[in-house]
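Just so you know, the sequence shown maps onto residues 49 to 499 in our numbering.
We treat Cβ as the ideally placed atom computed from N, Cα and C, and that holds for glycine.
On a predicted model such as this, the values are computed, not experimentally measured, just so you know.
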Amino acid sequence: MKQKHQLAQLGLFNAKVPRYTSYPTAAHFNDDVGAGKFSNWISEIASGSAISLYIHVPFCRRLCWFCACRTQGTQSDAPVLAYLETMRAELALLRDRLPEGVTLSRLHWGGGTPTLLSPSMMTDLAGTIAEVAPFASNAEFSVEIDPNEIDEDRLDALALAGMTRASIGVQDFDPKIQQAIGRIQGYDVTRDAVDMIRARDIAGVNADILFGLPHQTRARMTESVQKLLSLSPDRVALFGYAHVPWMARRQTMIPTDALPTPQERLELFETARKLFLWDGYAEIGIDHFATAEDGLTKARDSGRMRRNFQGYTDDASDVLIGIGASSISRFPQGFTQNAPATSAHTKAIREGKFSTARGHVYSGQDKLRARLIESLMCDFQINRAEIIEQFDVQSDFLDDLFDNVDSAFPEILSITRDGLFIPPAARALTRMIARSFDAYDMDAHGHSSAI
């Protein structure tokens, strides 16, 4: 009770802050970065290096009300086929500009619902990607899978294409909650999807589950987590539902009077967190859990964990290229984002150019602050010696930064000659603490609850 009172005094239950899957956040991208910059950054990738590739499929057979992703519903394959044709042309543009010898360390298909593609569409897309760059020897190929939109034939196609990890969307198993968020997905459907995946010797199974949904209680959270644990996922993302109806109009369908309070959201998170820990999962960052054998746990233990637009990752590549409408790419020089609208994206690609519409070029202290924030989000600490060596800054400079955040969170942090540390009891404040190292102005209206 005392801890909750202290968290309240520090503003946890009222704050709205970024999730810091990038720095600066996408809200600070500008239209000064276009297709020319994107093309130049591709050509500057080191020959023979390994990169990551993200494929965005922005279509769903049904639109879930809780989702704030940029997607569109379709019952017909016609727009999907047209989009795949555009994607093939975009991948050809990329292939023609990539330096020699580039390989793929990570390939991820997301959306939307990439598993609405037919088996032949999947095979064709995988073949086109293979023409761009081959897999590296230790590559990982992951796909977001909707249990309602998968079958044996499509899983056969994905397995043949080399899928090594499946990411299953769960959200919550309670029927009343599913009805409220527009996502009907029975436990049996999810279990059958996991069984089909494992029958094909797919190495990893991820699962997403949400807290903060309408009608969620600790009892319902407990039951859903226990059902999920019965499926033995290798990795779990426990995300907080972000209610942003001004950004995602479909969320107006969600009954706001049934949403839990910020204090209740924390209780829901802690309920789920304890269940995962009791079942032997390792705690990864602020909202992930993984088995001891999972690559994410090993990356955490060795200090190699990173954070990107998909959340936590063990991918070491400095280059992530996004393909498809609205996709974001990350380079050592900065970020780029494709045109969000499918129509604008398609028009640019048909004209023989990339659809880059906005982005950000690193300048000033961007890389330094990005690393400080990533260190907190991944490791709950900032290693003073590492930062001084990597960025050639003075210890006095870090002292000033540490003093500022210490003043904002009095008697919370541990600051020593080794660096800054967030103790376990204060880790609910991590995103707020990270915000203290963010040099950009923030419109809190565009961000989600700190818990």
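Subject >> Terminal residues of the beta strand (DSSP E) in which residue 157 lies >> reply: 151–159
Original post:
Whose C-beta lies closer than 6 Å to the C-beta of residue 506 among residues of the same chain, with five residues either side of it excluded?
Top reply: Residue 506 is absent from the model: the chain starts at 49 and stops at 499.
Original post:
Rounded to a whole number of angstroms, what is the C-alpha to C-alpha distance between residue 49 and residue 291?
Top reply: With a pLDDT of only 42 at residue 49, under 50, the local geometry of the prediction cannot be trusted, and the value read off the model is given with reservation. Whole-angstrom Cα-Cα distance: 26 Å.
Original post:
Closer than 6 Å: is that where the CB of residue 226 sits relative to any heavy atom of the ligand MG?
Top reply: For the ligand MG, the structure offers nothing, since it holds no ligand at all.
Original post:
Helix, strand or coil: how does DSSP classify residue 384 here?
Top reply: In the structure shown, residue 384 falls within a strand segment according to DSSP collapsed to helix, strand and coil.
**OP:** Could you tell me the distance, in whole angstroms, from the CA atom of residue 483 to the CA atom of residue 499?
**Re:** A straight-line Cα-Cα distance of about 14 Å links residue 483 and residue 499.
Subject >> Cβ distance (whole Å) where residue 198 is taken to contact residue 142 below 8 Å >> reply: That pair is no contact at about 28 Å.
Original post:
With 16 as the cutoff for other CB atoms within 10 Å, does residue 398 come out buried or exposed?
Top reply: exposed
Original post:
With respect to the alpha helix (DSSP H) encompassing residue 414, which residues constitute its N-terminal and C-terminal limits?
Top reply: Taken as a continuous stretch (DSSP letters only), the alpha helix (DSSP H) holding residue 414 covers 414–427.
**OP:** Return the chain-ordered ranges of every beta strand (DSSP E) run that is complete within the region 332–371 and spans a minimum of 3 residues.
**Re:** 336–338, 354–356, 359–361, 368–371
Original post:
What span of residues does the beta strand (DSSP E) with residue 285 cover, start to end?
Top reply: 283–288
Subject >> Simplified DSSP state of residue 257, which is helix, strand or coil >> reply: strand
Original post:
When the Cα atoms are used, what is the spatial distance from residue 84 to residue 298?
Top reply: Answer to the nearest angstrom: the Cα atoms are 35 Å apart.
Original post:
So is residue 180 buried or exposed if we call it buried at 16+ other beta carbons inside 10 Å?
Top reply: buried
Original post:
Which residue comes first and which comes last in the beta strand (DSSP E) that contains residue 393?
Top reply: First-last for residue 393: 390–398, but that is the alpha helix (DSSP H), not the beta strand (DSSP E).
Original post:
Skipping 5 residues on each side, what residues in its chain have a beta carbon closer than 7 Å to that of residue 468?
Top reply: If we look at residue 468 and ignore the five residues flanking it on each side, its Cβ neighbours are 429, 430, 450, 461.
Subject >> Environment of residue 134 [buried if 16+ CB atoms lie within 10 Å] >> reply: buried
Original post:
Which runs of the beta strand (DSSP E) spanning at least 3 residues fall entirely within the region 158–204, listed in chain order?
Top reply: 183–193
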